[in-house]
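Here the sequence shown stands for residues 10 to 255, numbered as in my numbering.
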Amino acid sequence: MRIAILSDIHGNADALTAVLDDLAGRSVDATVCLGDHLSGPLEARRTADMLMAAPIACIAGNHDRALVTTPRDRMGPSDAHAWDQLSGAHIAWLKGLPASLTVGPVIAWHGTPASDLEYWLETVEGGRMRLADRDAVEARAPATAIGPSSLLLCGHTHVPRIVRLKSGAVVVNPGSVGLQGYTDDAPLHVMQVGAPEARYAIAEQRCAGWAVVHHAVPYDTANVVRLAREAGRPEWASALESGWIA
10 MRIAILSDIH GNADALTAVL DDLAGRSVDA TVCLGDHLSG PLEARRTADM LMAAPIACIA
70 GNHDRALVTT PRDRMGPSDA HAWDQLSGAH IAWLKGLPAS LTVGPVIAWH GTPASDLEYW
130 LETVEGGRMR LADRDAVEAR APATAIGPSS LLLCGHTHVP RIVRLKSGAV VVNPGSVGLQ
190 GYTDDAPLHV MQVGAPEARY AIAEQRCAGW AVVHHAVPYD TANVVRLARE AGRPEWASAL
250 ESGWIA
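Right, here's the structure in full:
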C-alpha cells in the first residue's frame with residue numbers, strides 16, 4: 010500500500026496545484042487530506058472546487074468544523090474570509106466530512122483521536138512549539154488496539170514529523186500544503202517552518218514497516234502573498250513568502 014498524505018491547505022489553491030502536479034508523477038494507491046482545507050485569506054472557493062473534483066479522501070479539521078457550526082458574525086477573520094467565498098454546495102461538502110478515516114492499517118485524524126484542537130506530536134513551551142515528550146505522545150494515542158503495522162496520521166500543527174510509538178505504530182504529520190507559519194493564541198505561540206514550499210508526505214507499506222518520505226514542493230508564491238496583503242494579513246504574507254513570521 011502506498012498512500013499520499015496532505016493536510017492544512019488553508020485555501021492555498023496554488024500550493025495545492027503544485028502538490029497535485031508533483032503527485033501526478035508518482036504512483037500511489039490512495040490520497041488523503043487531513044483537514045483545514047479552506048480557512049484563510051486566500052482562495053477558499055477555488056480550493057474547494059479542486060478538492061471536490063479530485064479522488065481525495067478528506068476529513069474535517071477544526072477550521073472546517075468551525076465553518077459549518079459557527080455563526081458568520083462570530084467567526085475569526087480566516088474563517089469569515091473563506092465563508093464569504095463558499096456556495097451551498099461547498100458547505101454541504103464540508104458538513105459531510107468525517108472526523109476520522111480508516112483505510113486498512115491507516116487511521117487518520119486532524120489533531121488527535123480525542124480532539125481536532127489538540128497537538129499530538131508537539132508541546133507549546135515559551136511561546137513556541139517543540140517535540141512533545143514521549144509519554145505525552147503515547148498518552149494521546151488511540152485507545153483502540155494498534156500494532157507495528159499501523160500508520161497513524163495527524164495534521165493541525167503544520168510541522169512535518171515522524172514518531173514511532175512503543176507499540177511499533179508510526180505517527181506521521183505531513184506538514185502543511187498551504188501555510189508554513191502561523192501564530193495562535195490558545196496559548197499564544199508561533200509556528201515557523203522556515204521555508205515556503207508546499208509540504209506533503211508519501212507512506213509505503215513494506216515488509217519491515219512503513220517507509221515515509223516528506224516532500225517539499227516549490228511553487229510561485231507571488232499570487233498568494235498578494236492576496237494575503239490585500240486582505241490585511243501581513244503575518245500570512247510573511248509565512249507564505251518565506252516560511253517565517255516577520
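Ideal Cβ placement from N, Cα and C applies to all residues, glycine included.
Between Ala75 and Gly49, the beta carbon gap of about 12 Å keeps them out of contact (Cβ cut-off 8 Å). Look at the beta carbons and you see the region 21–29 not touching the region 92–105: under three pairs across the two are nearer than 8 Å. By the C-beta density criterion, Arg81 is exposed, having fewer than 16 other C-beta atoms within 10 angstroms. Burial is judged here by how many other beta carbons sit within 10 angstroms of a residue's own beta carbon; Leu126 has fewer than 16 and is exposed. Between the alpha carbons of Asn71 and Ile211 lies a distance of about 23 Å. Pairing Leu197 with Ile254, the inter-Cα distance amounts to about 14 Å. Counting only residues of its own chain and dropping the five nearest sequence neighbours on each side, Pro227 has a CB closer than 6 Å to the CB of Glu206. Boundaries around Arg173 are those of the beta strand (DSSP E), Arg170 to Arg173, since no alpha helix (DSSP H) includes it.
For Leu160, the beta-bridge partners assigned by DSSP are Val115 and Val179. According to DSSP, Ser109 shares a beta bridge with Trp118. Checking the DSSP bridge columns, you'll see Ile155 has no partner listed.
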